[in-house]
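Residue numbers for the sequence shown, in this note's numbering: 181 to 468. Even glycine gets a Cβ: it sits at the ideal position worked out from N, Cα and C. If you're wondering where the values come from, they're calculated on a predicted model, not measured in any experiment.
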Amino acid sequence: MLYCRYASAQRYSEALDILQAGACIQLEHGQVTCGAELAVLFVETLVKGKVPYDDETLDRARKIYEKFPRIPIAALNLTEDQDIQQLSEAIGAAKTRVEGCSSFLKAAIKWSAEFGGPRNGSPDLYVMLAEYVYSESPEVDIPRVSYYFVRGSDPHKFASVLVNFMSKCYPGEDDLAIARAVLMYLSLSNLRDANQLIEEIKKQVEHEEHDFPQSDLIQFITFLLETLQRDAFPLFNMLRVKYKSSLDREPAFNELLDEIAEKFYGVRRRNPMQGMFGEIFKMMGEMQ
């Protein structure tokens, strides 16, 4: 294989050219497994060649990403009269696409973090990963999608995804999705994007003539964003007590709030076991 010759001779530039072209061609022709393997090999070669993270190399990764097929299950319009096997095959193909693209982008994120990019990896790559997982997964895992988006740099795009999710989710899931996203941003000390996300969602639902969710949980999020803009830890605690029943709707919320208290008010956890759920939650997002 020509790539092997170039790689063994440490001619990484030529090897990368071959791998990028090969991955794109395979993906264009629907050969996802082979294309994804070449895409991952492309990243492994970046690592071997110690290629630094920069806009040019990020653009090369983006070009490979854009070749991954996009065939949402919902677009297949399968009916009850059609063969169940056809649906099963479509779901299997979707999982293969998501797994292949995820493996490639997660490898690229790790490379970016190790070779000059942001400490936690490229925000652009996280956005690509979030987008693909949301659009192509047979079953929407909005916590996983949110985990990736909050590590990205595009709250406007994240808002669009959440508004889309709100239009088709079960009743009572819309305010949970918004609250989860805001709390995830805040647990990373990102108050700016948390506020921007809320504003973008409100703009988009108004534009589409939909209703912004109104619930005690959303009321809590509104008060929390205002509270975190000033030194008001007692008020922060009061809000947690007042809205306890709403926060208990999802176990992860209280763990995220403990992290927020630590980030914004320097409050250390008294119990070393605290945070265990949050860490498991993070690990789940990283592994999937």
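In this structure, the beta-carbon distance from L309 to L285 falls below 9 angstroms.
In this structure, the alpha-carbon of L366 lies about 7 angstroms from that of A374.
About 6 angstroms separates the beta carbons of Q384 and S340, which is inside the 8 angstroms limit, making them a contact pair. In chain order, E380 place their CB closer than 6 angstroms to the CB of H336, counting only its own chain and leaving out the 5 sequence neighbours on each side. Counting C-beta atoms within 10 angstroms of its own C-beta, E435 has 16 or more neighbours from the protein chains shown and is therefore classed as buried.
The criterion of a C-beta distance shorter than 9 angstroms is not satisfied by D197 and R242. In this structure, the CA atom of Y245 is about 12 angstroms from the CA atom of A287. The C-alpha of K230 lies about 44 angstroms from the C-alpha of D355. Between C204 and K247, the C-beta spacing is below 9 angstroms. The three-state secondary structure of Y445, taken from DSSP, is helix. A441 and L342 have their C-alpha atoms some 26 angstroms from each other. For the pair K275 and P323, the CB atoms are not nearer than the 9 angstroms cut-off.
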